[in-house]
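One structure is given below, encoded as structure tokens.
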Amino acid sequence: MAAKELDVKGLHCPLPILRTRALLDKMAEGEEVIVYATDPASIIDFKHFCNTTDNLLLAHETRGEVFVYHIRRGASAA
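Counting from 17, one number per residue, gives the positions in the sequence shown under my numbering.
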């Protein structure tokens, strides 16, 4: 199954996390989403979000000014 993609470029905290949480809430356990963000604080926000939920931050990278996060949906609601 291909990962879903979520573009939250141009949005600032807390919107990238809120939009990601809303999408994850609609996904099944084990599904993955790739999030594209431009907010520099998103690095801290996504690490914290995944550390405090059952979702797993599989990888993150920076492509120019875009931060890319690969997240797998956990067992319980985000």
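Note that CB positions come from ideal geometry on N, CA and C, so glycine has one too.
Q | Buried/exposed call for D61, threshold 16 Cβ in 10 Å | A | Classification of D61: buried, given that the 10 Å Cβ count is 16 or more.
Q. Would DSSP call K63 helix, strand or coil?
A. In this structure, K63 counts as helix in the three-state DSSP scheme.
Q.
Just to confirm before moving on: does the CB-CB distance between Y85 and L72 stay below 8 Å?
A. No, Cβ-Cβ distance for Y85 and L72 is not below 8 Å.
Q) If you check the beta carbons only, do P30 and V24 fall under 8 Å apart? A) No Cβ-Cβ contact shorter than 8 Å links P30 with V24.
Q | When T54, E47, A19 are compared against R89, the one with the closest alpha-carbon | A | The residue with the shortest Cα to Cα distance from R89 is E47.
Q: Return yes when the Cβ of L39 is within less than 8 Å of the Cβ of V49, no when it is not.
A: In terms of Cβ geometry, V49 and L39 form a close pair [threshold 8 Å].
Q. If you drop the 5 nearest sequence neighbours on each side, which residues of the same chain put their C-beta closer than 6 Å to that of K20?
A. In its chain, beyond the 5 residues on either side, V49 have a beta carbon closer than 6 Å to the beta carbon of K20.
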